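Visitor: In terms of full-length UniProt numbering, the sequence shown opens at residue 1 and continues consecutively.
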Amino acid sequence: MTGLFVSIQRQWSQNQANSVKSKGEMMNTKEKTKLLTISLLCCGRPDTTERCLKSLMPIREAIDSEIQVVDTGCSPETRAIIEKYADEVFEFTWCNDFAKARNFQLDQANGKMFLFIDDDEWFLDTKYIIDFFKQPNCTEYNIGGYYQRNYLDFEGIEYSDIEVVRMCSVTPETRFIGKVHEYIEPAYGNAMFMDAQAGHFGYVYVSEEDNIKHSMRNIPLLKEMMEEQPDNLRWPYQLAQEYRACKYHEELLELCKKALEDARINKEEEAIRYRGPFACGIAIALDELDRYDELIEFYYDELKRNEILDLAVAKLSTYAAKAFYVTIKTKECVEACNRYLEIMERLENNKGEIFLQGGIFVFDAFDELHKNTTYCYLMACGLMNDDFGPLVHYYRRISWNSPVVRLNRGFIKMLVIKACEYGYKKELRDVLNKFFTRPGFRDVLQHEIDENLEKIDGPMWKNLKSAFKTTDREKEMNLFCDIRLMERRLLEGDFYTFSELLDKLLQYAAMTEEWHGLHIAWMEEKADKNEVKPEVSLGRLFVEFAEKKDGDPTVALKILKDAIGVRKIMDSTIQSFSKLYGTYQMIKEEKEKDPNKFAEMYNLEEAILKQIADLDAAGKSDEAIATYGQLTSIIRSTYGVDTLHF
Numbered sequence: 001m002t003g004l005f006v007s008i009q010r011q012w013s014q015n016q017a018n019s020v021k022s023k024g025e026m027m028n029t030k031e032k033t034k035l036l037t038i039s040l041l042c043c044g045r046p047d048t049t050e051r052c053l054k055s056l057m058p059i060r061e062a063i064d065s066e067i068q069v070v071d072t073g074c075s076p077e078t079r080a081i082i083e084k085y086a087d088e089v090f091e092f093t094w095c096n097d098f099a100k101a102r103n104f105q106l107d108q109a110n111g112k113m114f115l116f117i118d119d120d121e122w123f124l125d126t127k128y129i130i131d132f133f134k135q136p137n138c139t140e141y142n143i144g145g146y147y148q149r150n151y152l153d154f155e156g157i158e159y160s161d162i163e164v165v166r167m168c169s170v171t172p173e174t175r176f177i178g179k180v181h182e183y184i185e186p187a188y189g190n191a192m193f194m195d196a197q198a199g200h201f202g203y204v205y206v207s208e209e210d211n212i213k214h215s216m217r218n219i220p221l222l223k224e225m226m227e228e229q230p231d232n233l234r235w236p237y238q239l240a241q242e243y244r245a246c247k248y249h250e251e252l253l254e255l256c257k258k259a260l261e262d263a264r265i266n267k268e269e270e271a272i273r274y275r276g277p278f279a280c281g282i283a284i285a286l287d288e289l290d291r292y293d294e295l296i297e298f299y300y301d302e303l304k305r306n307e308i309l310d311l312a313v314a315k316l317s318t319y320a321a322k323a324f325y326v327t328i329k330t331k332e333c334v335e336a337c338n339r340y341l342e343i344m345e346r347l348e349n350n351k352g353e354i355f356l357q358g359g360i361f362v363f364d365a366f367d368e369l370h371k372n373t374t375y376c377y378l379m380a381c382g383l384m385n386d387d388f389g390p391l392v393h394y395y396r397r398i399s400w401n402s403p404v405v406r407l408n409r410g411f412i413k414m415l416v417i418k419a420c421e422y423g424y425k426k427e428l429r430d431v432l433n434k435f436f437t438r439p440g441f442r443d444v445l446q447h448e449i450d451e452n453l454e455k456i457d458g459p460m461w462k463n464l465k466s467a468f469k470t471t472d473r474e475k476e477m478n479l480f481c482d483i484r485l486m487e488r489r490l491l492e493g494d495f496y497t498f499s500e501l502l503d504k505l506l507q508y509a510a511m512t513e514e515w516h517g518l519h520i521a522w523m524e525e526k527a528d529k530n531e532v533k534p535e536v537s538l539g540r541l542f543v544e545f546a547e548k549k550d551g552d553p554t555v556a557l558k559i560l561k562d563a564i565g566v567r568k569i570m571d572s573t574i575q576s577f578s579k580l581y582g583t584y585q586m587i588k589e590e591k592e593k594d595p596n597k598f599a600e601m602y603n604l605e606e607a608i609l610k611q612i613a614d615l616d617a618a619g620k621s622d623e624a625i626a627t628y629g630q631l632t633s634i635i636r637s638t639y640g641v642d643t644l645h646f
């Protein structure tokens, strides 16, 4: 069927069979008067509830179906919304047990098939759901679902799709199990996953505290389920997800180690599927704890055992690749990346197999993030060895035009290093130009250059500027580099007079203003066009100082004080300039006290400096040095400074 995929027939495991038999209770035994019951639990979110119900109406109108809503404590406002759309509304007193609430839902159904959705979700498109239920054999499928599109930001730009089991045939044996992260049993026979997405913002939190609060609500319930059903691997599987959300990395590591050993002993199909997520959970924990040597050892052990499914091996290889890269094992990193790509080539387009092998920590193995990261490691390893072949081969595979693109920082750093080393090189130029396909990439590149300022010396700056020849942002990048080079030279120079250094700082201000104009002319749509970068703010302070230096010294000194800390690399220069300004003010006051005396001494210094230059040109360096010493001694004894040329 177009837009749908069907998994292989799934067998009802003995554990599942025993679970249903042991309960000794039947659920829905009603005579079925509809093909489909669409049901949702509603806890009182008016905005999301109406959006959800509206998205169900095309199914309701196209299919012999009903919409049932279970009210678990709605406000009058939400209840009024529900009654506009629902065929039936039932009340259920919340008891902190999702399975009981779902089973109550299921028991009300009049349909042969049962499809459920949460009140904070909504279908983005129902076409393939309608297509499926119009098929004459749709009731032959015992279980199925659709994709939950979990948005990762409030703008809905970045998301992750995960398959969720949300459909089943309604039989007396069908029931939900679990106080939280509930699931359907029995899960056997034909399974159908429909190519439909339900949008969901439920995992986007205003703060990290809210995220942890949500997981902390679930953790005690999952631990209860583990005590009640110690042999059911689903509960440590779900608990692992909550530990990761809370950043409980040590707990995640210990949980997944034990669960993986339990899954190795259990030879049932479901247990084999759980091994991969537990193995990846171990890798995630070790990665977060920076225990890379242990991660590498674990990776090789899993490859040797050959007990986890290929999709999990692919995901595990991405963590191994990072560990190898961080520990500068480029050969091993490339091998791990190639293993990932080989599995991706076999499985990426086989949705049915990905569903069968998937699960938390595993299902997203072939998303853009992991593919791009793998390409970045391969390119970076090549660059480390001055091999530009991988760069040429893989940079085109990066999804540069996707709404959100994440690149490995190690790759960007290596790209900057090689640009500093080689200068213009077509292979580098072509990749650098990709960073000018959108402003965000440009910003990342400039940030990485700033992160490596201390390692870039004079000749490297020349090469770096050259590397951007013929790129789309050549002028902006040249100014960006010139600003950094000037900052370095100002930091290293201690030979300026007040006037000379002021001229340099005003040149800096003009340069930063020109760069700023180019920079803000090309920004991300949602970027703050009024944002002023630190170097630009600093340049504007220098201009303001120049306007106040003679008329209002108090204000001028405050401006210099405010300039400290704006851009750290310039602090030393500003401090030196402040001292020169103090001397400048003192000389200015002396000049105003006795202009004639000052002019006489100034002219004397001019004449002697010319004499010193002549002596030096004639090769009489010792005499020139002695004369200069006498000059500074005279000026110092009169004005307390070494020179009147400020």
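No residue lacks a Cβ here, since even glycine has one placed at the ideal position from N, Cα and C.
On a predicted model such as this, the values are computed, not experimentally measured, just so you know.
(1) What distance in whole Å lies between the Cβ atoms of G44 and T78, which are believed to be in contact at a cut-off of 8 angstroms?
(2) What does a CB cutoff of less than 7 angstroms around D482 pick up in its chain, not counting 5 residues either side in sequence?
(3) Report yes if the CB atom of L580 is closer than 8 angstroms to the CB atom of F542, and no otherwise.
(4) Check whether the segment 196-203 touches the segment 303-322, taking contact to mean three or more Cβ pairs, one atom from each stretch, closer than 8 angstroms.
(5) Let's see if you can read the secondary structure: which residues bound the alpha helix (DSSP H) around V555?
(6) Does DSSP classify V326 as helix, strand or coil?
(7) Please determine, among L309, K593 and L253, the residue with the shortest C-alpha to C-alpha distance to E270.
(8) How is R291 classed by DSSP in three states: helix, strand or coil?
(9) Mind checking who N190 pairs with in its DSSP beta bridge?
(10) Which class does V69 belong to by DSSP, given the choice of helix, strand or coil?
(11) Which two residues bound the contiguous beta strand (DSSP E) that contains L41?
(12) Looking at the strands, I want to know which residues DSSP matches up with Q197.
(13) Helix, strand or coil for R438, going by three-state DSSP, please let me know.
(14) Looking at R175: is its Cβ nearer than 8 angstroms to the Cβ of M27?
(15) So which of N190, G281 and I143 has the shortest CA-CA distance to K258?
(16) Three-state secondary structure (DSSP) at R45?
(17) Taking DSSP as the reference, what is the three-state secondary structure of I184?
(18) Opposite C168 in the DSSP bridges: which residues?
(19) State the beta-bridge partners of E88 as determined by DSSP.
(20) Based on the DSSP output, what are the partners of E121 in its beta bridges?
(21) If contacts are defined as beta-carbon pairs under 8 angstroms, then L445 and I412 qualify, I think. What distance do you get, rounded to the angstrom?
(22) The beta strand (DSSP E) that contains F176, what's its start and end?
(23) Please state the DSSP three-state secondary structure of E158.
(24) Tell whether a beta-carbon distance below 8 angstroms holds between Y159 and A196.
(25) Please go through the same chain and pick out, in chain order, the residues whose beta-carbon is closer than 6 angstroms to the beta-carbon of E566, but skip the five residues on each side of it.
(26) Three-state secondary structure (DSSP) at E163?
(27) Considering only the alpha carbon of each residue, which of P403, I398 and R442 lies closest to V416?
(28) Mapping the DSSP letters down to three states, classify E547 as helix, strand or coil.
(29) According to the neighbour-count rule (16 or more other Cβ atoms, all chains shown, within 10 Å of its Cβ), is M216 buried or exposed?
(30) Determine, using beta-carbon pairs with one atom in the segment 54-64 and one in the segment 115-131, whether at least three such pairs fall under 8 angstroms.
(31) Along the alpha helix (DSSP H) that carries N478, what are the first and last residues, could you check?
(32) So, using beta-carbon positions, are A263 and L252 closer together than 8 angstroms?
(33) Of all the options Y508, I219, T139 and I634, which has the alpha carbon lying nearest to the alpha carbon of T573?
(34) Measuring CA to CA, which of R273, L502, D125 and Q630 is closest to R540?
(35) How long is the line joining the alpha carbons of L316 and F361, rounded to whole angstroms?
(36) Exposed or buried, R275, counting other C-beta atoms within 10 Å across all chains shown (16 or more means buried)?
Guide: The structure says:
(1) Taking the first residue of the sequence shown as position 1, residue 78 is located at position 78. Taking the first residue of the sequence shown as position 1, residue 44 is located at position 44. The pair is a contact, with the Cβ atoms about 5 angstroms apart (cut-off 8 angstroms).
(2) For this step, residue 482 is matched to residue 482 along the sequence shown. The beta carbon of D482 sits closer than 7 angstroms to those of M511, all from its chain and outside the five residues before and after it, given in chain order.
(3) For the purposes of this step, residue 580 is taken as the residue at position 580 of the sequence shown. For the purposes of this step, residue 542 is taken as the residue at position 542 of the sequence shown. No, the pair does not count as a contact, with Cβ atoms beyond the cut-off.
(4) Contact check between the segment 196-203 and the segment 303-322: fewer than three CB pairs, one atom from each, fall below 8 angstroms, which does not count as touching.
(5) As a working note, residue 555 is residue 555 in the sequence shown. Run containing V555: P553 to A563, per the alpha helix (DSSP H) assignment.
(6) What you label residue 326 is simply residue 326 of the sequence shown in a count that begins at 1. In the three-state DSSP reduction, V326 falls in the helix class (H, G or I).
(7) Position 270 of the sequence shown holds residue 270. Measuring from the Cα of E270, the nearest candidate turns out to be L309.
(8) Working through the sequence shown from its first residue, we reach residue 291 at position 291. Residue state, collapsed to three classes: coil.
(9) The residue labelled residue 190 in the question sits at position 190 within the sequence shown. Bridge partners of N190: Y141.
(10) In the sequence shown, the residue the question calls residue 69 occupies position 69. In the structure shown, V69 sits in a strand (DSSP, three-state: E or B).
(11) Within the sequence shown, the letter at position 41 stands for residue 41. Taken as a continuous stretch (DSSP letters only), the beta strand (DSSP E) holding L41 covers K34 to C42.
(12) By one-based count along the sequence shown, residue 197 stands at place 197. Answer by DSSP bridge pairing, in chain order: Y147.
(13) The residue given as residue 438 occupies position 438 in the sequence shown. DSSP, reduced to helix, strand and coil, places R438 outside both helices and strands of the structure shown, so it counts as coil.
(14) For this step, residue 175 is matched to residue 175 along the sequence shown. For this step, residue 27 is matched to residue 27 along the sequence shown. Yes.
(15) By one-based count along the sequence shown, residue 258 stands at place 258. When each option's Cα is compared against that of K258, the closest is G281.
(16) As a working note, residue 45 is residue 45 in the sequence shown. In this structure, R45 counts as coil in the three-state DSSP scheme.
(17) Mapped onto the sequence shown, residue 184 falls at position 184. I184: strand per DSSP, three-state reduction.
(18) In the sequence shown, the residue the question calls residue 168 occupies position 168. Bridge partners of C168: F114 and I143.
(19) The residue labelled residue 88 in the question sits at position 88 within the sequence shown. Its beta-bridge partners are Q68.
(20) Translated into positions along the sequence shown, residue 121 becomes position 121. Per DSSP, H200.
(21) For the purposes of this step, residue 445 is taken as the residue at position 445 of the sequence shown. For the purposes of this step, residue 412 is taken as the residue at position 412 of the sequence shown. Their Cβ separation, rounded to whole angstroms, is 7 angstroms, which keeps L445 and I412 in contact under 8 angstroms.
(22) Taking the sequence shown and counting its residues from 1, one reaches residue 176 at position 176. For F176, the enclosing beta strand (DSSP E) begins and ends at R175 to I177.
(23) Here residue 158 refers to the residue found at position 158 of the sequence shown. E158: coil per DSSP, three-state reduction.
(24) Taking the sequence shown and counting its residues from 1, the one referred to as residue 159 is at position 159. Taking the sequence shown and counting its residues from 1, the one referred to as residue 196 is at position 196. Cβ atoms of Y159 and A196: not closer than 8 angstroms.
(25) Residue mapping note: residue 566 aligns to position 566 of the sequence shown, counting from 1. As written in the sequence, residue 566 is Val, which differs from the Glu given in the question. Annotation for V566: P534, S537 and L538 place their beta carbon closer than 6 angstroms to its own, counting only its chain and skipping 5 residues before and after.
(26) Counting from 1 along the sequence shown, the entry for residue 163 is found at position 163. In the structure shown, E163 falls within a strand segment according to DSSP collapsed to helix, strand and coil.
(27) In the sequence shown, counting from the first residue as 1, residue 416 sits at position 416. In terms of CA proximity to V416, R442 leads the group P403, I398 and R442.
(28) Locating residue 547 in the sequence shown gives position 547, where the first residue counts as 1. Helix at E547.
(29) In the sequence shown, residue 216 corresponds to position 216, counting from 1. That one is exposed.
(30) Touching, yes, given that three or more Cβ pairs across the two stretches are closer than 8 angstroms.
(31) Here the question's residue 478 lines up with position 478 in the sequence shown. In the DSSP assignment, N478 falls within the alpha helix (DSSP H) that extends over E474 to E492.
(32) Along the sequence shown, read from residue 1 onward, the residue named residue 263 stands at position 263. Along the sequence shown, read from residue 1 onward, the residue named residue 252 stands at position 252. Cβ atoms of A263 and L252: not closer than 8 angstroms.
(33) Within the sequence shown, residue 573 is the residue found at index 573, counting from 1. It is Y508.
(34) Within the sequence shown, residue 540 is the residue found at index 540, counting from 1. Comparing alpha carbon positions, the residue from R273, L502, D125 and Q630 closest to R540 is L502.
(35) Indexing the sequence shown from 1 puts residue 316 at position 316. Indexing the sequence shown from 1 puts residue 361 at position 361. When rounded, the distance between both Cα atoms is 9 angstroms.
(36) Counting from one through the sequence shown, the residue named residue 275 turns up at place 275. Within 10 angstroms of the beta-carbon of R275 lie 16 or more other beta-carbons, which makes it buried.
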